[in-house]
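Under my numbering, the first residue of the sequence shown is numbered 3, with each subsequent residue one higher.
The beta-carbon is built from N, C-alpha and C at its ideal position, and this holds for glycine as well.
Heads up, the thing below is written out as structure tokens.
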Amino acid sequence: MCKHEAVGDFYRGCGHFHVRYFTGETYDCGSQACKSSSQHKHKTANNCGCPEIVIEERRVQNMFQAQYPECQRTSR
Numbered sequence: 003m004c005k006h007e008a009v010g011d012f013y014r015g016c017g018h019f020h021v022r023y024f025t026g027e028t029y030d031c032g033s034q035a036c037k038s039s040s041q042h043k044h045k046t047a048n049n050c051g052c053p054e055i056v057i058e059e060r061r062v063q064n065m066f067q068a069q070y071p072e073c074q075r076t077s078r
């Protein structure tokens, strides 16, 4: 599972993380079965069945005590 660094806002009221931007920093898992890894074994195949599992490595830029605005609308 490769990771991509994301910077965003964390809303403690609902636990929502809103991504503002991706930094471009990536963490390669080195797995031959991961489609987004540099060690992927089917690099030239068009229809590879390997999963592309990308996880966000989250960095909190701002923390809010309230709920995310979308969560406030749905909870009323």
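Strand pairing of residue i, partner residues [DSSP]
i: M65; result: F12
i: M55; result: The displayed chain sequence assigns Ile, not Met, to residue 55. Bridge partners of I55: none, in fact.
Cβ-Cβ distance between residue i and residue j below 8 angstroms
i: G10; j: R60; result: yes
i: C36; j: H42; result: yes
i: C73; j: C16; result: yes
Interface flag, residue i vs chain C, CB-CB below 8 angstroms
i: Q74; result: No chain C is present in this structure, which holds just one protein chain.
Member of the options whose CA lies at the smallest distance from the CA of residue i
i: R14; options: V21, F24, A47 and Q69; result: Q69
i: H20; options: Q74, Q63, I57 and S40; result: Q63
i: Y29; options: C4, F66, M65 and E58; result: C4
i: R22; options: C31, E7 and Q34; result: E7
Continuous beta strand (DSSP E) stretch holding residue i: start and end
i: T46; result: No beta strand (DSSP E) contains T46, which DSSP labels as neither H nor E.
i: Y23; result: H18 to Y29
Anticipated Cβ contact below 8 angstroms, residue i with residue j, distance rounded
i: E54; j: S38; result: 5 angstroms
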